[in-house]
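Residue numbers (my numbering): 360 to 830.
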Ligand code: GLU
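In structure tokens form, the structure reads like this:
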């Protein structure tokens with residue numbers, strides 16, 4: 360038997376972080392076992408359906424690096440097969456037609472409340488002959504749930520969960536307009552796709568019992584279930600927009616790396632000892648149901664950011680620059696030139712150590728790419744009559760050096776400080792930093808000078824001199 364997992368999103372226009380985690384766990388389990396990971400788009404809600412919403416999900420999976428092993432199935436496209444199964448169940452006597460009017464149903468619901476009955480429908484058409492059917496009512500088809508005993512689900516996370524059969528409704532599987540219900544569609548599709556393991560949010564645990572009625576009625580083997588506790592926000596409430604970003608695309612736009620998200624989502628509900636950093640390769644080796652936690656996981660935005668800093672530091676420089684380009688364009692309107700690319704390649708080791716996200720990295724990268732067009736308040740404090748001479752002298756000293764290597768710049772700044780500023784290196788570096796970056800913060804300044812090169816360094820110092828002289 361090939362272990363086969365699935366990810367069946369309803370296309371809502373975004374890929375929620377909870378869905379992404381479900382997809383990741385299913386993908387990992389399939390990869391861990393050498394099985395298959397299949398996608399099905401649950402697109403039966405035609406009124407709200409849109410191809411863009413489907414694309415958002417496929418893009419999210421692609422960005423996360425979760426490749427699937429099929430052409431994504433469309434649940435809507437399988438409609439006839441769902442109808443056939445409903446009719447099959449009817450023919451087998453495992454389902455029946457129910458002719459209740461909407462009024463009767465709402466009366467029953469009221470009555471059930473009064474009696475404290477767990478099922479709303481009182482099964483009145485279960486044993487009634489169709490010859491008694493009233494005129495003008497198109498029937499629904501209902502499943503004939505067992506009435507005695509208990510159904511036990513041996514959940515891989517929650518353990519054995521038991522429900523009395525008579526607490527399960529004779530639920531509708533085919534509506535009066537002939538459309539299959541969601542419960543029926545899911546079971547038929549999971550069966551036809553050969554799904555062996557269903558891992559999903561524990562908000563679906565109730566559905567599992569109802570869906571199992573269909574497996575049992577058809578005599579199909581049920582999948583193994585694992586219901587994952589939901590994800591909570593830092594305050595313990597279900598994670599939602601008011602906590603911050605919740606969609607995969609949002610995290611992408613905030614400058615997180617896909618490997619960070621895989622690691623973070625894995626840890627959000629799964630553990631292997633105290634390891635916080637688990638690469639995807641390791642995760643594939645280690646992932647199993649035993650590691651899944653039983654209680655809701657708390658999403659911690661600060662932890663995610665720190666993990667991203669780790670993965671940014673680990674990332675290959677060329678790849679980082681590729682990932683950075685769209686951020687430079689959208690956040691700073693910069694298109695990389697050859698010179699810019701060269702500077703970034705040379706400075707990337709310095710830059711990436713300081714950045715937590717690609718957004719941060721892009722902001723830092725502008726120090727190499729853009730000549731400062733203005734000076735921050737703190738930079739302005741360094742650019743005045745008191746530092747004018749230093750800047751002029753540095754410009755002359757740099758001019759005379761054949762090449763501005765890190766060592767040569769370091770040596771030049773130190774000797775200047777020793778000769779003219781009582782050895783106070785800060786008095787050289789601070790105005791130089793202000794002149795070169797327009798701010799009071801920068802990556803290692805001597806490295807920066809070496810990367811900018813002689814012409815650009817001197818031109819930035821000259822601009823600062825002009826700025827001071829205009830004051
Ligand atoms: N379409 C359902 C959802 O997005 C999937 C439920 C399931 O995994 O069976 O919640």
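For glycine and all other residues, C-beta sits at the position ideal for the given N, C-alpha and C.
Quantities reported herein were computed from a predicted structural model and do not represent experimental measurements.
Does the Cβ of residue i lie closer than 7 Å to at least one heavy atom of the ligand GLU?
{"i": "residue 401", "result": "yes"}
{"i": "residue 369", "result": "yes"}
{"i": "residue 559", "result": "yes"}
{"i": "residue 563", "result": "yes"}
{"i": "residue 545", "result": "yes"}
At the level of alpha carbons, what is the spacing between residue i and residue j?
{"i": "residue 652", "j": "residue 629", "result": "6 Å"}
{"i": "residue 692", "j": "residue 620", "result": "27 Å"}
{"i": "residue 372", "j": "residue 478", "result": "34 Å"}
{"i": "residue 690", "j": "residue 722", "result": "8 Å"}
{"i": "residue 507", "j": "residue 657", "result": "40 Å"}
{"i": "residue 641", "j": "residue 668", "result": "20 Å"}
{"i": "residue 550", "j": "residue 542", "result": "12 Å"}
{"i": "residue 301", "j": "residue 825", "result": "Lying outside 360 to 830, the shown extent of the chain, residue 301 is not represented and no answer is given."}
{"i": "residue 520", "j": "residue 688", "result": "53 Å"}
{"i": "residue 796", "j": "residue 548", "result": "59 Å"}
{"i": "residue 648", "j": "residue 799", "result": "50 Å"}
{"i": "residue 747", "j": "residue 806", "result": "23 Å"}
{"i": "residue 618", "j": "residue 638", "result": "8 Å"}
{"i": "residue 497", "j": "residue 487", "result": "16 Å"}
{"i": "residue 685", "j": "residue 700", "result": "14 Å"}
{"i": "residue 595", "j": "residue 661", "result": "16 Å"}
{"i": "residue 772", "j": "residue 785", "result": "10 Å"}
{"i": "residue 811", "j": "residue 627", "result": "42 Å"}
{"i": "residue 582", "j": "residue 445", "result": "20 Å"}
{"i": "residue 493", "j": "residue 457", "result": "10 Å"}
{"i": "residue 675", "j": "residue 744", "result": "44 Å"}
{"i": "residue 804", "j": "residue 769", "result": "9 Å"}
{"i": "residue 740", "j": "residue 659", "result": "38 Å"}
{"i": "residue 715", "j": "residue 664", "result": "6 Å"}
{"i": "residue 440", "j": "residue 434", "result": "10 Å"}
{"i": "residue 473", "j": "residue 465", "result": "13 Å"}
Anyone know if the C-beta pair for residue i and residue j falls short of 8 Å?
{"i": "residue 827", "j": "residue 742", "result": "yes"}
{"i": "residue 514", "j": "residue 584", "result": "yes"}
{"i": "residue 438", "j": "residue 539", "result": "yes"}
{"i": "residue 823", "j": "residue 793", "result": "yes"}
{"i": "residue 381", "j": "residue 569", "result": "no"}
{"i": "residue 379", "j": "residue 423", "result": "yes"}
{"i": "residue 425", "j": "residue 386", "result": "yes"}
{"i": "residue 364", "j": "residue 573", "result": "no"}
{"i": "residue 537", "j": "residue 607", "result": "no"}
{"i": "residue 531", "j": "residue 557", "result": "no"}
{"i": "residue 728", "j": "residue 671", "result": "no"}
{"i": "residue 717", "j": "residue 683", "result": "yes"}
{"i": "residue 453", "j": "residue 502", "result": "yes"}
{"i": "residue 643", "j": "residue 622", "result": "no"}
{"i": "residue 485", "j": "residue 529", "result": "yes"}
{"i": "residue 763", "j": "residue 808", "result": "yes"}
{"i": "residue 631", "j": "residue 603", "result": "no"}
{"i": "residue 517", "j": "residue 447", "result": "no"}
{"i": "residue 412", "j": "residue 370", "result": "yes"}
{"i": "residue 713", "j": "residue 802", "result": "yes"}
{"i": "residue 374", "j": "residue 415", "result": "yes"}
{"i": "residue 711", "j": "residue 679", "result": "yes"}
{"i": "residue 467", "j": "residue 480", "result": "yes"}
{"i": "residue 565", "j": "residue 510", "result": "no"}
Between residue i and the ligand MG, is the CB less than 7 Å from at least one heavy atom?
{"i": "residue 430", "result": "No copy of the ligand MG appears in this structure; the ligands present are the ligand GLU."}
Counting beta carbon pairs with one atom in the stretch 799 to 818 and one in the stretch 741 to 757, are three or more of them shorter than 8 Å? yes
I'd like to know if the stretch 610 to 617 and the stretch 418 to 425 are in contact, where contact means that at least 3 CB-CB pairs between them fall below 8 Å. yes
Measuring CB atoms only, is the stretch 522 to 536 touching the stretch 584 to 596, in the sense that at least three cross pairs come out at less than 8 Å? Proximity of the stretch 522 to 536 to the stretch 584 to 596 falls short of the contact definition, fewer than three beta-carbon pairs being nearer than 8 Å.
Are the stretch 445 to 462 and the stretch 390 to 410 touching, with three or more C-beta to C-beta distances below 8 Å? Of all C-beta pairs linking the stretch 445 to 462 to the stretch 390 to 410, fewer than three are shorter than 8 Å, placing the two stretches out of contact.
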